[in-house]
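**Q** Numbering (the working numbering), first residue to last: 2 to 266.
#1: Can at least three beta-carbon pairs, one atom from the region 206-225 and one from the region 144-153, be found at a separation below 8 Å?
#2: Taking 8 Å as the threshold, find out whether the region 61-69 comes into contact with the region 33-44 through three or more Cβ pairs.
#3: Since residue 79 and residue 46 should fall inside the 8 Å C-beta cutoff, what is the C-beta to C-beta distance between them, to a whole number of angstroms?
#4: Could you tell me the alpha carbon to alpha carbon distance between residue 230 and residue 224, rounded to whole angstroms?
#5: Would you list, in sequence order, the uninterrupted alpha helix (DSSP H) runs of no fewer than 4 residues that lie entirely inside the region 171-228?
#6: Roughly how many whole angstroms lie between the Cα atoms of residue 13 and residue 254?
#7: May I ask you to list the residues that DSSP assigns as paired with residue 8?
#8: Quick check on residue 180: buried or exposed, where buried means 16 or more other Cβ atoms within 10 Å of its Cβ?
#9: Flag this pair as touching only if the region 229-245 and the region 151-171 have three or more C-beta atom pairs under 8 Å; answer yes or no.
#10: Would you tell me roughly how many angstroms separate the C-alpha atoms of residue 191 and residue 173, rounded to the nearest one?
#11: With DSSP collapsed to three states, give me the class of residue 260.
#12: Within 10 angstroms of the Cβ of residue 11, are there 16 or more other Cβ atoms? Answer buried if so, exposed if not.
#13: Tell me which residues share the same chain as residue 250 and place their Cβ nearer than 6 Å to its Cβ, disregarding the 5 neighbours each side in the sequence.
#14: Mind listing, in chain order, the continuous beta strand (DSSP E) runs of no fewer than 3 residues lying wholly within the region 21-85?
#15: Would you check if the distance between the CB atom of residue 92 and the CB atom of residue 244 is smaller than 8 Å?
#16: DSSP three-state label for residue 265, please.
#17: What's the call for residue 259, buried or exposed, on a 16-neighbour Cβ count within 10 Å?
#18: In chain order, what residues of the same chain lie with their CB nearer than 6 Å to the CB of residue 97, ignoring the 5 residues before and after it?
#19: Ends of the alpha helix (DSSP H) at residue 133?
#20: What are the start and end residues of the alpha helix (DSSP H) that includes residue 236?
#21: According to DSSP, simplified to helix, strand and coil, what is residue 108?
#22: Can you give the beta carbon distance from residue 83 to residue 52, rounded, assuming they're within the 8 Å contact cut?
#23: Alpha carbon to alpha carbon, how far is residue 86 from residue 274? Give it in angstroms, no decimals.
#24: Going by Cα to Cα distance, which pick from 164, 184, 49 is closest to residue 211?
#25: Tell me the DSSP bridge mates of residue 88?
#26: Does residue 134 pass the burial test, meaning 16 or more other C-beta atoms within 10 Å, or should it be called exposed?
Set out below in structure tokens:
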């Protein structure tokens, strides 16, 4: 599924498969013709109240034959009873609306480059130096339900930089930058203020070479996140719509400067 995502130009992380699987080992569905995989979808169930759809792909040669609808229904069925989230590409948003999904806001992918100077902030630390419970507690308002198993895997994956920022000994933001098929993606990037987000952003992207692309996916409804990307000369390269089958969860979007993943929310 991750290889198919790469072929679609979605530029997955090198270790996304291992991290995604920790969220829900049974949440990845493959449709086969005989022994040949032809369609896929992830239907990750975080708990009985919330799930997330992603990686919805049909092999190009098999499109237009109803296989996508079959795997889609299987994913929906697996998440029956949940409020379901997804990040829909522009071409599919009208189809998702027919299934009862409602647009909450746009997510915009910006592309820039690595390198650059760090802000002078002595509160930036490696997340590995903090108790996981402290990170989990900070993360909780940003997601509709508990995702501790996935989070632990995400912040400890190989080929990544995972940084936090402290003020008076209190965690006031954190971010992760992971290696992808091309360059790096920063996500999540959460912070209590735009200034803290900028310090974390600069610290993270300085871990990449100046000739390497760096991507940041932001919720457009946070104008401070848009300003952060534009201030650093990043360009829009892709967009999705965050959609939910139920009500939009109450989250701290004004403190979201980078989305964790379009595949898992």
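Where a beta carbon is used, it is the ideal one built from N, C-alpha and C, also for glycine.
**A** Reading from the atomic positions:
#1: Three or more Cβ pairs closer than 8 Å define a contact, and the region 206-225 falls short of that threshold against the region 144-153.
#2: Touching, per the Cβ criterion.
#3: As a first step, residue 79 is located in the chain shown; it is residue number 78 there, counting from the start. As a first step, residue 46 is located in the chain shown; it is residue number 45 there, counting from the start. That pair is a contact at about 7 Å.
#4: For the purposes of this step, residue 230 is identified with residue 229 of the chain shown, where counting begins at 1. For the purposes of this step, residue 224 is identified with residue 223 of the chain shown, where counting begins at 1. Residue 230 and residue 224: Cα-Cα distance of roughly 10 Å.
#5: Note on the region 171-228: whole alpha helix (DSSP H) runs with a minimum of 4 residues are 195-206, in chain order.
#6: Stepping through the chain shown from its first residue, residue 13 is reached at position 12. Stepping through the chain shown from its first residue, residue 254 is reached at position 253. Going from the Cα of residue 13 to the Cα of residue 254 covers about 24 Å.
#7: On the chain shown, residue 8 is found 7 positions in, with the first residue counted as 1. For residue 8, which the question treats as bridged, DSSP gives no partner whatsoever.
#8: For this step, residue 180 is matched to residue 179 along the chain shown. Per the 10 Å Cβ criterion, buried.
#9: Remark: fewer than three beta-carbon pairs, one from each stretch, lie closer than 8 Å, so the region 229-245 and the region 151-171 are not flagged as touching.
#10: As a first step, residue 191 is located in the chain shown; it is residue number 190 there, counting from the start. As a first step, residue 173 is located in the chain shown; it is residue number 172 there, counting from the start. The alpha-carbon atoms of residue 191 and residue 173 are separated by roughly 8 Å.
#11: Reading the chain shown from its first residue, position 259 is the one you call residue 260. Residue 260: coil per DSSP, three-state reduction.
#12: If you number the chain shown from 1, residue 11 lands on position 10. Residue 11 is classed as buried because its beta carbon has at least 16 other beta carbons within 10 Å across all chains shown.
#13: On the chain shown, residue 250 is found 249 positions in, with the first residue counted as 1. Within the same chain, residue 250 has close Cβ partners 145.
#14: With a minimum length of 3 residues, the continuous beta strand (DSSP E) runs that stay inside the region 21-85 are 29-34, 37-46, 51-59.
#15: In the chain shown, residue 92 corresponds to position 91, counting from 1. In the chain shown, residue 244 corresponds to position 243, counting from 1. Taking 8 Å as the Cβ cut-off, residue 92 and residue 244 do not qualify as a contacting pair.
#16: Reading the chain shown from its first residue, position 264 is the one you call residue 265. In the structure shown, residue 265 sits in coil (DSSP, three-state: anything other than H, G, I, E or B).
#17: Here residue 259 corresponds to residue number 258 of the chain shown, with the count starting at 1. So residue 259 counts as buried.
#18: Working through the chain shown from its first residue, we reach residue 97 at position 96. Excluding residues up to 5 positions away in sequence, 89, 244 lie with their Cβ nearer than 6 Å to the Cβ of residue 97 in the same chain.
#19: Position 132 of the chain shown, counted from the first residue, corresponds to residue 133. Its alpha helix (DSSP H) spans residues 133-140.
#20: The residue labelled residue 236 in the question sits at position 235 within the chain shown. Residue 236 -> not in any alpha helix (DSSP H); beta strand (DSSP E) instead, spanning 236-245.
#21: Against the chain shown, residue 108 aligns to sequence position 107. The three-state reading of DSSP puts residue 108 in strand, counting E and B together.
#22: Within the chain shown, numbered from 1, the residue matching residue 83 stands at position 82. Within the chain shown, numbered from 1, the residue matching residue 52 stands at position 51. Their Cβ separation, rounded to whole angstroms, is 4 Å, which keeps residue 83 and residue 52 in contact under 8 Å.
#23: The displayed coordinates of the chain run from 2 to 266. Any statement about residue 274 would go beyond what the structure contains.
#24: Here the question's residue 211 lines up with position 210 in the chain shown. Measuring from the Cα of residue 211, the nearest candidate turns out to be 184.
#25: In the chain shown, the residue the question calls residue 88 occupies position 87. Note: residue 88 sits in a beta bridge opposite 243.
#26: In the chain shown, residue 134 corresponds to position 133, counting from 1. Under this definition residue 134 is an exposed residue.
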